[in-house]
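Trainee: Take a look at this one; I'll ask things after.
There are 2 protein chains.
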Amino acid sequence: MKKSALQIARAAYHPQLPIVLTGGVKMKEGEPTQSAGDQEEIKKLFPNTYGLPEIIFEKTSATGSAKPVNVGVILSGGQAPGGHNVISGLFDGIKHLHKDSKLYGFLMGPGGLVDHQYKELTADIIDEYRNTGGFDIIGSGRTKLETKEQFDKGLEILRELDITALVIIGGDDSNTNAAILAEYYKAIGAGVQVIGVPKTIDGDLKNNVIETSFGFDTATKVYSEVIGNIQRDCNSSKKYWHFIKLMGRSASHIALECALQCQPNVCIISEEVEAKDMTLEEVVDYIADAVVARSEQGLNYGVVLIPEGLIEFIPAVKKLIAELNDLLAAKASEFAEIASEDQRDWVISNLTPDCAATYQSLPAGVARQLTLDRDPHGNVQVSLIETEKLLSEMVGKRLEVLAAEGKYEGKYSTMHHFFGYEGRCADPSNFDANYCYGLGYTAACLIASGVTGYMSSLRNLTFAPVNWVAGGIPITMMMNMERRNGHVKPVIRKALVELDGAPFLKFAKQRDEWKVGTCYTYPGPIQYFGPAEICDQPSLTLVYEQKRRKY
Amino acid sequence: MKKSALQIARAAYHPQLPIVLTGGVKMKEGEPTQSAGDQEEIKKLFPNTYGLPEIIFEKTSATGSAKPVNVGVILSGGQAPGGHNVISGLFDGIKHLHKDSKLYGFLMGPGGLVDHQYKELTADIIDEYRNTGGFDIIGSGRTKLETKEQFDKGLEILRELDITALVIIGGDDSNTNAAILAEYYKAIGAGVQVIGVPKTIDGDLKNNVIETSFGFDTATKVYSEVIGNIQRDCNSSKKYWHFIKLMGRSASHIALECALQCQPNVCIISEEVEAKDMTLEEVVDYIADAVVARSEQGLNYGVVLIPEGLIEFIPAVKKLIAELNDLLAAKASEFAEIASEDQRDWVISNLTPDCAATYQSLPAGVARQLTLDRDPHGNVQVSLIETEKLLSEMVGKRLEVLAAEGKYEGKYSTMHHFFGYEGRCADPSNFDANYCYGLGYTAACLIASGVTGYMSSLRNLTFAPVNWVAGGIPITMMMNMERRNGHVKPVIRKALVELDGAPFLKFAKQRDEWKVGTCYTYPGPIQYFGPAEICDQPSLTLVYEQKRRKY
Chain D
2 MKKSALQIAR
12 AAYHPQLPIV
22 LTGGVKMKEG
32 EPTQSAGDQE
42 EIKKLFPNTY
52 GLPEIIFEKT
62 SATGSAKPVN
72 VGVILSGGQA
82 PGGHNVISGL
92 FDGIKHLHKD
102 SKLYGFLMGP
112 GGLVDHQYKE
122 LTADIIDEYR
132 NTGGFDIIGS
142 GRTKLETKEQ
152 FDKGLEILRE
162 LDITALVIIG
172 GDDSNTNAAI
182 LAEYYKAIGA
192 GVQVIGVPKT
202 IDGDLKNNVI
212 ETSFGFDTAT
222 KVYSEVIGNI
232 QRDCNSSKKY
242 WHFIKLMGRS
252 ASHIALECAL
262 QCQPNVCIIS
272 EEVEAKDMTL
282 EEVVDYIADA
292 VVARSEQGLN
302 YGVVLIPEGL
312 IEFIPAVKKL
322 IAELNDLLAA
332 KASEFAEIAS
342 EDQRDWVISN
352 LTPDCAATYQ
362 SLPAGVARQL
372 TLDRDPHGNV
382 QVSLIETEKL
392 LSEMVGKRLE
402 VLAAEGKYEG
412 KYSTMHHFFG
422 YEGRCADPSN
432 FDANYCYGLG
442 YTAACLIASG
452 VTGYMSSLRN
462 LTFAPVNWVA
472 GGIPITMMMN
482 MERRNGHVKP
492 VIRKALVELD
502 GAPFLKFAKQ
512 RDEWKVGTCY
522 TYPGPIQYFG
532 PAEICDQPSL
542 TLVYEQKRRK
552 Y
Chain E
2 MKKSALQIAR
12 AAYHPQLPIV
22 LTGGVKMKEG
32 EPTQSAGDQE
42 EIKKLFPNTY
52 GLPEIIFEKT
62 SATGSAKPVN
72 VGVILSGGQA
82 PGGHNVISGL
92 FDGIKHLHKD
102 SKLYGFLMGP
112 GGLVDHQYKE
122 LTADIIDEYR
132 NTGGFDIIGS
142 GRTKLETKEQ
152 FDKGLEILRE
162 LDITALVIIG
172 GDDSNTNAAI
182 LAEYYKAIGA
192 GVQVIGVPKT
202 IDGDLKNNVI
212 ETSFGFDTAT
222 KVYSEVIGNI
232 QRDCNSSKKY
242 WHFIKLMGRS
252 ASHIALECAL
262 QCQPNVCIIS
272 EEVEAKDMTL
282 EEVVDYIADA
292 VVARSEQGLN
302 YGVVLIPEGL
312 IEFIPAVKKL
322 IAELNDLLAA
332 KASEFAEIAS
342 EDQRDWVISN
352 LTPDCAATYQ
362 SLPAGVARQL
372 TLDRDPHGNV
382 QVSLIETEKL
392 LSEMVGKRLE
402 VLAAEGKYEG
412 KYSTMHHFFG
422 YEGRCADPSN
432 FDANYCYGLG
442 YTAACLIASG
452 VTGYMSSLRN
462 LTFAPVNWVA
472 GGIPITMMMN
482 MERRNGHVKP
492 VIRKALVELD
502 GAPFLKFAKQ
512 RDEWKVGTCY
522 TYPGPIQYFG
532 PAEICDQPSL
542 TLVYEQKRRK
552 Y
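What follows is the structure, given as structure tokens:
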């Protein structure tokens, strides 16, 4: 592998550890905890790992461990910048405990545990991946660890390798499953601790004890860089409206952070659309209003940010999709007989009036996509819908109507972008490099402390890393019961954008000005070597959220 | 405007000037020059500006000018990183000549000269834009300065503002027109010098006297950053083939530079496709071969780079497009009568057998696009064709055939990207910041020297900026006669990728290894503040080209 100059330089970067982790640590336990909701049910499901205390580490002179520990690590789900640093922090942490400790990586996600695919991560391998993006050190995968069979199969290889602790780096689902696995291994006396690490660029794994998930910082900075560049482009040529879709299906944190960083003309927040029960037409009207308002000032250009999951947050569209799923499942053979040119009418006549109206409002291409492209379960494949094109086309139609009414005289040309894969494997920002390394190192401390069912935790993140507070949070503390795929399950509550939260309120206060004025900010590329105000700033979401939170 | 931390820090950056420009300069003239081709015809068309000598500036103790000079500046065509630095270098240069010199910017491109739209660029304005991306200081536009009426109209405002020199920052077309304008103003004794500056991210404005155009360095670094990130992503999840289209319609320099930086599995070079007279099927087979070869090693993922202009370089497709343009123009009314479901058959029956076969080989959507979407002149809109999707779909079809023959057993899932607008307005790299500032400053020196019809020039660009050689190149020296839009015209010869040039040969030597192996390099984001080997490296294209060139 030919390394770039930046790869070589970053390999030498020493992540900053919280001062408390720079020597020996001792564990300080807080009060017993409760789950976020449904306490009785969660308690019943997790008899061995419920109600554990929060843990904070404090400095002590004692250091190291009498005997080595063998640890397994798994990267679960979509990539996020910094995963390699979690692993290198974990490696350094267990080596600090005892020089003969060993780290095994299970390959291609949780499936590697079940299928016994692994490799030992030696110092040479670890050094190749320090401070780099990607999950390529051991790969990642989306297999869900959910069944007793998987747990037992995993235990075979854990025993074979004498692994007594497993670190699962993943999002809310993977950490939920880590808690279930911890409970199971504890219940059967397997002698394997399970520790989770909060990962996801989407930023939806956070709560009053987890300040942020890793990767969000870097990914949003990469997206903000290219959004800023596009803003500067459209402010130079002054002839295009750019519709930019951003990754994040379940929550709009990414779009919101990018909006705070870049100050585009329009940013749609899915959670607000849902809360206000907006129709697709209302979203379209909102954007068209911005286009009209700017055109009245001679500004026939702009930038619109759209969260990837928007379409599923629009109540009417959500209802339409559900009804289409039912209809096409129930009348699959009848539908298959309909000639393609008659399908549209057939669908309309078989839907309830509300849904039929929503269906008719969609551009023909999207409507066709909703009935034709279905996943193996027969469901509409929402992720295939190019929401950015859908909206720009519908805005164009709306503008035609307004023009015919004499209410719009501007020009309207559009460009489309989708940013997601560009940011998931970027080299971690200094923030994520430090945060991840610290999370991995803290996981090693949790292992040394003998606990299980905990998530590695660093807090006080808007301060310099030396001041960060390291500890562990019982995963059950973040859980409640929710309906997922037709079953009520214990899950970690997903953090959506709070409409009364500081980041959204900051945005809401300024967006009218951004809409008509041209208030673009250009963040530029992530910097690693310059002054702290450029290189070491956390996301604005974190800064605004933490300002009002006492720790 | 709220500035980002990076914007604020970069505003304070002092571009490095060649040592020769740091005091007074004197002009050293070389031998009279000849045009690149068609010397007799070019000489006849440019009687007043043909055969001028190359100019090199040398240091002298004398400095400044007896009287102030008023200069006009125009940004022409697509944006390129560094345009603002050309303007700030020009501003500082003419202020160095005399503190009362004035700089006027014509707004929204060459049209601003003709329509008398301008603003004076004062020190306050200039300081706001130093080292920033974009052309937003005065905007850009694509009006072509070609006619006597435009020249005369422009002269009115130049006289009104007492402007005696005009700097045109643009690509090959704009510099061709700058030469024509210089010749015209000289011929009529207008007393206005015209100086060109070589701009284009496409990298196709270069020759044996112009080493590179500005913006290419930064834009390719932005694209390489995100391509690298995508490579790391696909190397982590190991499940997608990413088809990435890159800006650059006329030449493949951008794709080639990104390939040299990132080492993707496949990169198509349009110039090679044309030289080898490859069919679309052969291009598809070439990519499919890579997919099959990798799948045989269990690698069902990869990255393919595609230059935006590819489709027009495939001789058979080029011929088809030309024939379709003629056919649909000649039989427009007949075609309009054909029912949409019969159009395909009608088109096939009206094409020559070769073109009909090419047409039939295209996916239905692309074929429809070729007949339906036409520009105001009735021509097929090639730029609307999503070449990245066209190729990935055709590769998929090819793989189905191979699978049926038992020659392919892999999985094939695809993702598509197009990078262009993301890079055109990025903050200029240190290289482009220095190069552009120097080009602008050199333009001021050319103005002080009283010459016209020259392009501002800096050479020795792979050395540190202090060692760069500053001077001027007669624009006619780069010209030859070519057929463009049906007319034979004097134009600057466009630089395509040379298949016997060092950059392509470097690529060609390694590509077989990159195809099957996974040899990805991850350049990461542009850095401004770190060690020189990260922050100050010119493009590999420039490095490889200059290695074999003596200066």
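Residue numbers (my numbering), protein chains in the order written: chain D, 2 to 552; chain E, 2 to 552. Think of the CB as a built atom: it goes at the ideal place given N, C-alpha and C, for glycine as much as any other residue.
#1: Quick one: Cα of Val-293/E to Cα of Gly-38/D, how far?
#2: List the residues of chain D that Ser-238/E touches, going by C-beta distances under 7 Å, in chain order.
#3: For Ser-393/E, which residues from the same chain have a beta carbon less than 6 Å from its beta carbon, with the 5 sequence-adjacent residues on both sides left out?
#4: Per DSSP, Cys-268/E forms a beta bridge with which residues?
#5: Gln-528/D and Gln-528/E look like a contact to me (Cβ under 8 Å); what is the Cβ gap, rounded to whole Å?
#6: Closest by CA to Lys-149/E, which one among Ala-191/E, Gly-171/E, Ile-169/E?
#7: Rounded to the nearest angstrom, how far is the Cβ of Pro-524/D from that of Ser-225/D, given a contact under 8 Å?
#8: So, for Leu-156/E: in the same chain, excluding its five sequence neighbours on each side, which residues have a beta-carbon less than 6 Å away from its beta-carbon?
#9: For the alpha helix (DSSP H) that contains Ile-164/E, what are its first and last residues?
#10: Does the Cβ of Ala-330/D have 16 or more other Cβ atoms within 10 Å, making it buried, or fewer, making it exposed?
#11: Rounded to whole angstroms, what's the CA-CA distance from Tyr-552/D to Leu-459/D? Just pull it up for me.
#12: Is there a Cβ from chain E that is less than 8 Å from the Cβ of Ser-296/D?
#13: Answer with yes or no whether the minimum CB distance from Ala-256/D to chain E is below 8 Å.
#14: If you draw a straight line from the alpha carbon of Gly-135/D to that of Glu-41/D, how long is it in whole angstroms?
#15: Could you have a look at Glu-147/D and say whether DSSP puts it in helix, strand or coil?
#16: Taking 6 Å as the limit between beta carbons, can you name the residues of its chain near Glu-184/D, skipping five residues before and five after?
#17: Going by CA-CA distance only, name the one from Leu-306/E, Lys-29/E, Arg-143/E, Thr-34/E that's closest to Ser-77/E.
#18: How big is the Cα-Cα spacing for His-117/E and Phe-152/E?
#19: When you compare each of Leu-300/D, Ala-256/D, Leu-391/D to Val-498/D by their alpha carbons, which one comes out closest?
#20: Taking 7 Å as the limit between beta carbons, can you name the residues of its chain near Thr-61/D, skipping five residues before and five after?
#21: Given that Arg-233/D touches chain E, what residues does it touch there, using C-beta distances under 7 Å?
#22: Using CA coordinates, which residue listed in Glu-283/D, Met-279/D, Glu-30/D, Lys-207/D is at the minimum distance from Ala-252/D?
#23: Would you mind sorting Lys-398/D into buried or exposed? The rule is 16 or more other CB atoms within 10 Å of its CB.
#24: At the level of alpha carbons, what is the spacing between Ile-307/D and Ala-291/D?
#25: Could you list the residues in the region 513-541 of chain E with a C-beta less than 9 Å from some C-beta on chain D, going in chain order?
#26: Take Cys-356/E and list the residues in its own chain whose beta-carbon comes closer than 7 Å to its own, dropping the five residues that flank it on each side.
#27: I think Gly-106/E touches Ser-141/E, with their Cβ atoms under 8 Å apart; what is that distance to the nearest whole Å?
#28: Nearest CA to the CA of Asp-346/D: which residue from Ala-333/D, Ser-334/D, Tyr-360/D?
#29: Would you identify the three-state DSSP class for Asn-71/D, choosing helix, strand or coil?
#30: Can you tell me where the beta strand (DSSP E) with Val-195/E in it begins and where it stops?
#31: Please report the residue range of the beta strand (DSSP E) in which Glu-55/E lies.
#32: Could you confirm whether any beta carbon from chain D is found closer than 8 Å to the beta carbon of Ser-5/E?
#33: Counting only the same chain and skipping the five closest in sequence on each side, list residues whose C-beta sits under 7 Å from that of Gly-216/E.
#34: Is the beta carbon of Leu-108/E less than 8 Å from the beta carbon of Ile-95/E?
#35: Using the Cα positions of Tyr-436/E and Asn-461/E, report the straight-line distance between them to the nearest angstrom.
#36: Which residues does DSSP pair with Glu-121/E in a beta bridge?
Mentor: Straight from the coordinates:
#1: 51 Å
#2: Gln-80, Ser-141
#3: Phe-244, Thr-415
#4: Leu-306/E
#5: 6 Å
#6: Ala-191/E
#7: 4 Å
#8: Ala-191
#9: Run containing Ile-164/E: none; DSSP gives neither H nor E here.
#10: exposed
#11: Since pLDDT at Tyr-552/D reaches only 44, below the 50 mark, its modelled position is unreliable, and the value read off the structure follows with that caveat. Whole-angstrom Cα-Cα distance: 12 Å.
#12: no
#13: no
#14: 40 Å
#15: coil
#16: Phe-47, Asn-49, Thr-50
#17: Arg-143/E
#18: 12 Å
#19: Ala-256/D
#20: Gly-25, Val-26, Lys-27
#21: Gly-134, Gly-135, Asp-137, Cys-426
#22: Lys-207/D
#23: exposed
#24: 14 Å
#25: Thr-519, Cys-520, Tyr-521, Thr-522, Tyr-523, Pro-524, Gly-525, Pro-526, Ile-527, Gln-528, Tyr-529, Phe-530, Gly-531, Pro-532, Glu-534, Ile-535, Cys-536, Gln-538
#26: Lys-320, Leu-321, Glu-324
#27: The pair is not a contact, with the Cβ atoms about 11 Å apart (cut-off 8 Å).
#28: Tyr-360/D
#29: strand
#30: 194-199
#31: 54-61
#32: yes
#33: Ala-81, Pro-82, Gly-83, Lys-200, Thr-201, Ile-202, Asp-433
#34: no
#35: 11 Å
#36: Tyr-105/E
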